[in-house]
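In case it helps, mature numbering (1 follows the signal peptide of the UniProt record, and there is no 0) puts the sequence shown at residues -22 to -1, 1 to 78. Note that the Cβ used here is the ideal one computed from N, Cα and C, for glycine as well. Nothing here was measured: the structure is a model prediction, and the numbers come from that model. Here the structure comes first, spelled out in structure tokens, and everything after it is commentary.
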Amino acid sequence: MAMRAVLLAALLIAGCSSSTTFDQTRWQSADLDGRVRADMFPDFLHRHPLKGMARSQVEALLGPPTPTDKWAGTDMIYVLGNDGSMFPIDNEWLLIKLDC
């Protein structure tokens, strides 16, 4: 299966955000209330372009998608972490739409 589109929802990497090298183990075991995944995401995308990847390839790198009822019709969803604001009230998400 090829990737049709990669949608990033609410992913704003501000100048004050730190970029961290992608580490598969840290990604898969990350505390979803923190920002470990959000900080690693730019490096992940640079090293592993998602376009053209099959579901099995994405899951091998990122682990199983985050269970959620948000965004019906999106094939794979991963929470990246809290929104990074002073008083976080939402999360940043990675939404992946696969070709059928």
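Taking the alpha-carbon positions, what's the residue 17 to residue 57 distance? Position 39 of the sequence shown holds residue 17. Position 79 of the sequence shown holds residue 57. Computed Cα separation, rounded: 12 Å.
Coil, strand or helix - residue 71 by DSSP: Taking the sequence shown and counting its residues from 1, the one referred to as residue 71 is at position 93. Reduced to three states, the DSSP call for residue 71 is strand.
Excluding the 5 residues preceding and the 5 following residue 10 in the sequence, name in chain order all residues of the same chain whose CB lies nearer than 8 Å to its CB. As a working note, residue 10 is residue 32 in the sequence shown. Cβ within range, chain order: 44, 57, 59, 69.
What residue from 46, 54, 48, -2 has the CA that sits closest to residue 35's CA? The sequence position of residue 35 within the sequence shown is 57, counting from 1. The residue with the shortest Cα to Cα distance from residue 35 is 54.
Does the distance from the CB of residue 23 to the CB of residue 52 come in under 8 Å? Looking up residue 23 in the sequence shown gives position 45. Looking up residue 52 in the sequence shown gives position 74. Cβ distance not < 8 Å, so residue 23 and residue 52 don't count as in contact.
Using only the alpha-carbon positions, how far apart do residue 33 and residue 5 sit? Taking the first residue of the sequence shown as position 1, residue 33 is located at position 55. Taking the first residue of the sequence shown as position 1, residue 5 is located at position 27. Approximately 17 Å, taken between the alpha carbons.
Would DSSP call residue 10 helix, strand or coil? Here residue 10 is taken as the residue at index 32 of the sequence shown, counted from 1. Three-state DSSP puts residue 10 in coil, outside helix and strand.
Thinking just about the alpha-carbon of each residue, which of 7, 8, 13 is nearest to the one in residue 64? What you label residue 64 is simply residue 86 of the sequence shown in a count that begins at 1. Out of 7, 8, 13, 13 has the C-alpha closest to the C-alpha of residue 64.
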